[in-house]
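Visitor: I have a structure I would like to understand better, so I am pasting it below and will then ask my questions one at a time.
Numbering (the UniProt record's numbering), first residue to last: 1 to 350.
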C-alpha cells in the first residue's frame, strides 16, 4: 500500500512538472477549433511572452474569406477584422471576449489590406486601405464603427503616381496618431514606394518616396507604426528591413535588417508597455517580439521571443489591445484571426 502511494505521488509530481514546462515554454497546440481545417499549431521560442487564447473567437464559421488585417478598440472591447473574397462581408466585428457582433456588407470595399482604429477615446473611426484595381480601389477609406463610409482619400479606381501625394497605388497601411497626424505607407506592389505624413487636415508634412535600397528608400513598404518617442517604424518588406524615422522632421534614424535574413517583416506594432515591437514574417510563419530600443538609440535588432506558427498559416498584419496587451493576428493561409494573451506576473509582462 505504501509503495502504491509513493508511485501515485511520483506520478502527480511528474504531471505537475509537465504542466509547468508547457506553461513556461510553450508546446504544439492543436486544440482550437470547431472547424478542423483551421490550423492553430504553434510553439514558443526564446522567452515566453504570449500564449494562444484557444477560446477566441467563440465561433469561427464567420470567417469566410482570406483574413488580411485586424484592428482593436481597447476601450469599447471590439475587434475589427478585414477579409477578402467574392460574396463575403469585407469586415467582421467581434468582441474582445470572442462574441460575433456584426458584419459589414459594404459594397464600397474591394480588396481591404490594412485596417486601423483611430481616436478610441473620443470619436472612434475605422480606416481601411483598399488595394483593389476596380472602381473603388487605390484608396484609403474612413468608416464609422457601424460601417458607414465617412471619407475617401485618393481617387477611387485610379492608380496614382509619386507625383501626387494623395493619389495612391495599392496603399498598404495607415497609422493615425493620437495627435491626429496620419502616416501612410503606399505601395503594396504598385508603382509607389512611399512613406507620407499628413496633418489631421490632410496637408502633407513630409514624405519619402523613392524606390530603392538606400537610406530612406523603399521597396514595398508594408506596415507603419509610431512609438511614444517620436519615431516612425516602417516594415520595408521588399528590402527585408525595418526603417526608422523622426516623426516630426522625417529624418532617417536607423535600420534593422539582421533579424530578417530568412523572411521580410510584414507588420510592425509596439506592445502597450513599450518594451517590444511585434513583427510578423509571413513566409516563415513567425511572429517575433523584438526588444524596443530606448530613446535616441536604434542599434541592432534583438529577438526576445518568437511565436512559431504551423506551416501555411501565413500571418499578415497584427494589432494589440492597448488595455490588456492582447495580440490579434490576421492569418491569410488559415483564413482566420487568432488572439494571443500575454504571460503575466503581477499584472505585467514576464
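A virtual CB, placed ideally from N, CA and C, is assigned to each residue, including glycine.
Closest to residue 155 by CA distance: which of 62, 139, 258 is it?
Guide: In the chain shown, counting from the first residue as 1, residue 155 sits at position 155. Of the candidates 62, 139, 258, the one whose C-alpha sits nearest the C-alpha of residue 155 is 139.
Visitor: When the Cα atoms are used, what is the spatial distance from residue 49 to residue 342?
Guide: Taking the first residue of the chain shown as position 1, residue 49 is located at position 49. Taking the first residue of the chain shown as position 1, residue 342 is located at position 342. Residue 49 and residue 342: Cα-Cα distance of roughly 6 Å.
Visitor: Excluding the five sequence neighbours on either side, which residues of its own chain have a C-beta within less than 6 Å of the C-beta of residue 298, listed in chain order?
Guide: The residue you call residue 298 lines up with position 298 of the chain shown. Answer for residue 298: 244, 253, 254, listed in chain order.
Visitor: Under 8 Å: do the stretch 208-219 and the stretch 169-178 share three or more Cβ pairs, one atom per stretch?
Guide: No contact exists between the stretch 208-219 and the stretch 169-178.
Visitor: What residue ranges within the stretch 272-298 form continuous alpha helix (DSSP H) runs of no fewer than 4 residues, ordered along the chain?
Guide: Counting only runs of 4 or more, we get nothing.
Visitor: On a CA-only basis, which of 273, 283, 311 is nearest residue 293? Give me that one, please.
Guide: Counted from its first residue, the chain shown places residue 293 at position 293. Nearest option by C-alpha distance: 273.
Visitor: Measuring alpha carbon to alpha carbon, tell me which residue in 148, 202, 170 is nearest residue 183.
Guide: Along the chain shown, one-based indexing puts residue 183 at 183. The candidate whose alpha carbon is nearest that of residue 183 is 202.
Visitor: Are at least three pairs of beta-carbons, each pair with one atom in the stretch 73-85 and one in the stretch 58-65, less than 8 Å apart?
Guide: With a cut-off of 8 Å, the stretch 58-65 and the stretch 73-85 count as touching, because enough Cβ pairs lie within range.
Visitor: Please report the distance separating the alpha-carbon of residue 240 from that of residue 130.
Guide: Walking along the chain shown from the start, residue 240 turns up at place 240. Walking along the chain shown from the start, residue 130 turns up at place 130. Using only the alpha carbons, I get a separation of about 23 Å.
Visitor: Grouping DSSP H, G and I as helix and E and B as strand, with all else coil, what is residue 338?
Guide: Mapped onto the chain shown, residue 338 falls at position 338. Strand.
Visitor: Kindly identify the DSSP beta-bridge partner or partners of residue 45.
Guide: Along the chain shown, read from residue 1 onward, the residue named residue 45 stands at position 45. 306, per the DSSP bridge assignment.
Visitor: Going by the CB atoms, is the gap between residue 340 and residue 322 shorter than 8 Å?
Guide: Counting from one through the chain shown, the residue named residue 322 turns up at place 322. Counting from one through the chain shown, the residue named residue 340 turns up at place 340. Taking 8 Å as the Cβ cut-off, residue 322 and residue 340 do not qualify as a contacting pair.
Visitor: From residue 158 to residue 197, what distance separates their C-alpha atoms?
Guide: For the purposes of this step, residue 158 is identified with residue 158 of the chain shown, where counting begins at 1. For the purposes of this step, residue 197 is identified with residue 197 of the chain shown, where counting begins at 1. When rounded, the distance between both Cα atoms is 21 Å.
Visitor: Check whether the Cβ atoms of residue 148 and residue 128 sit closer than 8 Å, and answer yes or no.
Guide: Here residue 148 corresponds to residue number 148 of the chain shown, with the count starting at 1. Here residue 128 corresponds to residue number 128 of the chain shown, with the count starting at 1. Result no, Cβ atoms of residue 148 and residue 128 do not sit closer than 8 Å.
Visitor: Look up residue 193 in the DSSP assignment and say whether it is helix, strand or coil.
Guide: Position 193 of the chain shown holds residue 193. Coil, per DSSP.
Visitor: Whose CA, out of 250, 214, 213, lies closest to the CA of residue 195?
Guide: Taking the chain shown and counting its residues from 1, the one referred to as residue 195 is at position 195. Of the listed residues, the one whose Cα sits closest to residue 195 is 250.
Visitor: Give the secondary structure of residue 332 by DSSP, where H, G and I count as helix, E and B as strand, and everything else as coil.
Guide: The residue you call residue 332 lines up with position 332 of the chain shown. DSSP places residue 332 in coil when its eight states are reduced to three.
Visitor: Give a single yes or no on whether residue 124 has its beta carbon closer than 7 Å to a heavy atom of the ligand ZN.
Guide: As far as ligands go, the structure on display features none, and thus does not contain the ligand ZN.
Visitor: Buried or exposed: residue 351, going by 16 or more other Cβ atoms within 10 Å of its Cβ?
Guide: Any property of residue 351 remains undetermined from this structure, which presents the chain solely from 1 to 350.
Visitor: Cα-Cα, which of 217, 228, 305 is closest to residue 270?
Guide: In the chain shown, the residue the question calls residue 270 occupies position 270. Per the Cα distances, 228.
Visitor: Comparing C-alpha positions only, which one of 109, 291, 121 sits nearest to residue 430?
Guide: Examination of residue 430 is not possible in this model, given that the chain is present from 1 through 350 alone.
Visitor: Is the separation between the beta-carbon of residue 268 and that of residue 223 shorter than 8 Å?
Guide: As a working note, residue 268 is residue 268 in the chain shown. As a working note, residue 223 is residue 223 in the chain shown. Yes, the pair counts as a contact, with Cβ atoms nearer than the cut-off.
Visitor: DSSP state of residue 199, grouped into three classes?
Guide: Looking up residue 199 in the chain shown gives position 199. Correct three-state label for residue 199: coil.
Visitor: Taking its Cβ as the centre, do 16 or more other Cβ atoms sit within 10 Å of residue 276, making it buried, or is it exposed?
Guide: Taking the chain shown and counting its residues from 1, one reaches residue 276 at position 276. The residue is buried, with at least 16 neighbouring Cβ atoms inside 10 Å.
Visitor: I'd like the list of long-range same chain contacts for residue 231, defined as Cβ closer than 6 Å, with 5 residues on each side in sequence excluded.
Guide: The sequence position of residue 231 within the chain shown is 231, counting from 1. If we look at residue 231 and ignore the five residues flanking it on each side, its Cβ neighbours are 244.
Visitor: Throw me the rounded Cβ distance for the residue 79 and residue 88 pair, which I believe falls under 8 Å.
Guide: In the chain shown, the residue the question calls residue 79 occupies position 79. In the chain shown, the residue the question calls residue 88 occupies position 88. In fact, because the Cβ distance is near 17 Å, the residues do not count as touching under 8 Å.
Visitor: So, at 6 Å on beta carbons, what are the nonlocal neighbours of residue 77 in its own chain, with the 5 sequence-adjacent residues on each side left out?
Guide: The sequence position of residue 77 within the chain shown is 77, counting from 1. Excluding positions up to five away in sequence, the list reads 95, 96.
Visitor: Should residue 248 go down as buried or exposed, given a rule of 16 or more other Cβ atoms within 10 Å for buried?
Guide: Here residue 248 refers to the residue found at position 248 when the chain shown is read from its first residue. Per the 10 Å Cβ criterion, exposed.
Visitor: Measure the C-alpha to C-alpha separation of residue 200 and residue 181 and round it to an integer number of angstroms.
Guide: In the chain shown, residue 200 corresponds to position 200, counting from 1. In the chain shown, residue 181 corresponds to position 181, counting from 1. Roughly 5 Å separates the two Cα atoms.
Visitor: In angstroms with no decimal places, state the Cα-to-Cα distance between residue 70 and residue 344.
Guide: Position 70 of the chain shown, counted from the start, is the residue given in the question as residue 70. Position 344 of the chain shown, counted from the start, is the residue given in the question as residue 344. Taking the straight line from one Cα to the other gives about 23 Å.
Visitor: Which residues does DSSP pair with residue 52 in a beta bridge?
Guide: Position 52 of the chain shown, counted from the first residue, corresponds to residue 52. Residue 52 is bridged to 340.
Visitor: Who does residue 65 pair with in a DSSP beta bridge?
Guide: Numbered from its first residue, the chain shown carries residue 65 at position 65. BP columns for residue 65 are empty, so no partner.
Visitor: Can you tell me whether residue 159 is helix, strand or coil according to DSSP?
Guide: If you number the chain shown from 1, residue 159 lands on position 159. Reduced to three states, the DSSP call for residue 159 is coil.
Visitor: Going by the DSSP bridge assignment, what does residue 311 pair with across the sheet?
Guide: The residue labelled residue 311 in the question sits at position 311 within the chain shown. Looking at the DSSP assignment, residue 311 forms no beta bridge with any residue, so it has no partner.
Visitor: Going by CA-CA distance only, name the one from 93, 166, 150 that's closest to residue 337.
Guide: Here residue 337 refers to the residue found at position 337 when the chain shown is read from its first residue. Looking at the Cα atoms, 93 is the closest of the given residues.
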